[in-house]
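Numbering (the working numbering), first residue to last: 2 to 303.
In this text, a Cβ means the ideal position worked out from N, Cα and C, and glycines have one as well.
Working notes for the structure below.
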Amino acid sequence: MTYTLIKPPDPLRVSSRILAQQRRGELTSAQVADFQSFLAEVDRQLLRHRIILHNAYTHWFSQGLATDAELRYFIRQFSVFSNQFLIAALQKVINAPSLEQSRASREILLNELGVIYRSERLAAQTPTDPDREGDPALVSTEGTVDGGICRFRAAHFEWLLGVAAGLGLTFAELGKRQHGSPTTLHFCNELIRLYGSDDPQIAEGASFAVENWAAAGFWQELEDGLTKIKQQRHPQLKLAFFTWHNRVEAQHAGHTLEELEAVYFQPGFERDRFLQGGQEILAAVAVFWDGLAAAQQHGVAG
């Protein structure tokens with residue numbers, strides 16, 4: 002299995018928001034220069050991590066070469082990660098250091114559980130049939146869960162069940178820890194420990210790294226591979242779980258710098274702890290994908 006280089010993200014720069022604060026005298030030139038230095042460090046230590054730029058498994062997957070056994074193995078492991086993420090997301094809500102951060106974390110958790118984003122811009126396009134409001138091909142990728150509608154069928158795990166059903170997998174075969182490989186469970190455990198940490202610096206670093214990993218292109222590679230498989234041999238596959246996440250993660254990337262700005266200038270921010278959280282969660286992400294690659298290479302998947 003060969004590695005491919007995903008286009009590196011643009012280097013992080015001080016935003017117009019920070020420059021405006023500087024002009025208003027809310028931040029000094031020294032503070033802004035220090036922040037730019039930190040952004041360069043974040044770029045080197047997190048955004049250039051090899052699992053963001055060189056994901057061998059998703060590159061192979063994008064070619065549509067996975068056998069049915071390999072595809073079922075992938076869906077099963079991904080379902081464990083997807084379902085166990087709820088624990089980490091709940092811990093992130095519980096351990097949030099501020100009301101604003103609690104609300105941001107609840108946005109993620111409640112949407113995962115089936116509360117549809119309410120977008121005024123897209124309100125006119127929302128289907129009036131309740132049975133269709135949970136369809137991932139139709140629901141919004143923007144807005145807020147505040148005032149949104151909860152639909153069982155809008156839970157992300159139910160969307161993944163729809164993919165799995167096209168491969169003969171049932172609810173009983175998915176999502177539980179008993180279905181996870183050691184490498185998948187390691188990733189799940191690290192998500193709970195780091196993303197849901199009660200240390201706000203560790204949690205912020207892990208969250209920043211996870212969002213940037215999710216936006217770096219792996220969703221597109223998964224969508225590409227599944228689309229080819231659907232066209233070639235499995236026309237019944239429902240891919241909206243993957244296409245929806247591919248669309249929404251591209252939007253999330255733009256918010257990560259703003260979130261970093263919000264915490265960086267707060268008293269008590271620890272650069273080293275932030276970077277530690279990011280580095281450790283990316284190491285766990287690599288374990289997950291490397292485990293899938295090893296299973297594929299050694300014929301374990303099935």
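Euclidean distance between Cα positions of residue i and residue j
i    : j    : result
T244 : G226 : 12 Å
R199 : L100 : Note on residue identity: the sequence assigns Asp, not Arg, to residue 199. Straight-line Cα distance between these residues: approximately 15 Å.
Q280 : A210 : 8 Å
A207 : G278 : 5 Å
L116 : K177 : Note that residue 116 corresponds to Val in the displayed sequence, not to Leu. In a straight line, the C-alpha of V116 is about 22 Å away from that of K177.
T145 : W214 : 22 Å
T59  : L47  : 19 Å
E113 : F158 : 8 Å
G218 : T29  : 36 Å
Q297 : E212 : 26 Å
L313 : W220 : Not covered by the structure: residue 313. The range shown for the chain is 2 to 303.
D273 : V15  : 19 Å
D35  : D44  : 14 Å
A21  : V33  : 11 Å
V288 : N84  : 18 Å
Q179 : I76  : 14 Å
T171 : K93  : 30 Å
C151 : A31  : 47 Å
V286 : Q237 : 30 Å
F266 : Y74  : 44 Å
R107 : Q232 : 37 Å
E224 : E71  : 16 Å
H246 : W160 : 11 Å
E42  : H50  : 12 Å
A105 : I203 : 17 Å
K239 : I193 : 29 Å
G169 : F153 : 22 Å
Exposed unless 16 or more other CB atoms sit within 10 angstroms - verdict on residue i
i    : result
G148 : exposed
W61  : buried
S63  : buried
F310 : Not covered by the structure: residue 310. The range shown for the chain is 2 to 303.
A124 : Residue placement at A124 is poorly supported in this model, since its pLDDT is 49, which falls under 50; the coordinates still yield a value, given next. Counting Cβ neighbours within 10 Å, A124 comes out exposed, since fewer than 16 surround it.
Q294 : According to the sequence provided, residue 294 is Ala. The question's Gln does not apply to it. Counting Cβ neighbours within 10 Å, A294 comes out buried, since at least 16 surround it.
G269 : exposed
L195 : buried
H256 : exposed
E259 : exposed
L17  : It is Ser, not Leu, that sits at residue 17 in the sequence shown. S17 should be labelled exposed.
L66  : exposed
S38  : exposed
G292 : buried
A155 : buried
H299 : exposed
Q102 : buried
E222 : buried
F275 : buried
F188 : buried
Residues sharing a beta bridge with residue i, DSSP
i    : result
C189 : C189 is not bridged to any residue.
R119 : T145
Whole-angstrom C-beta distance between residue j and residue i, which should lie under 8 Å
i    : j    : result
I282 : E191 : 6 Å
E205 : V301 : Not a contact, Cβ separation roughly 36 Å.
N56  : W290 : 6 Å
G197 : A284 : About 17 Å separates the two Cβ atoms, so there is no contact after all.
L110 : L91  : 6 Å
D69  : A241 : Contact flag wrong, Cβ pair sits at about 20 Å.
E262 : I19  : 6 Å
P201 : P98  : 4 Å
R1   : T142 : The first residue shown for the chain is 2 and the last is 303, placing residue 1 beyond what the model contains.
E250 : A216 : 5 Å
Interface flag, residue i vs chain D, CB-CB below 8 Å
i    : result
A204 : No chain D appears in the structure shown, which is made up of a single protein chain.
>> Could you check whether the stretch 73–81 touches the stretch 156–167, counting it as contact only if at least three pairs of C-beta atoms, one from each stretch, sit closer than 8 Å?
In response: They touch, by the three-pair rule.
>> Assess contact between the stretch 102–121 and the stretch 226–237, defined as three or more Cβ pairs (one per stretch) separated by less than 8 Å. Is contact present?
In response: The stretch 102–121 vs the stretch 226–237: no contact.
> For the stretch 18–25 against the stretch 183–203, are there 3 or more C-beta pairs whose distance is under 8 Å?
Replying inline: No: the two stretches stay apart, fewer than three of their Cβ pairs being nearer than 8 Å.
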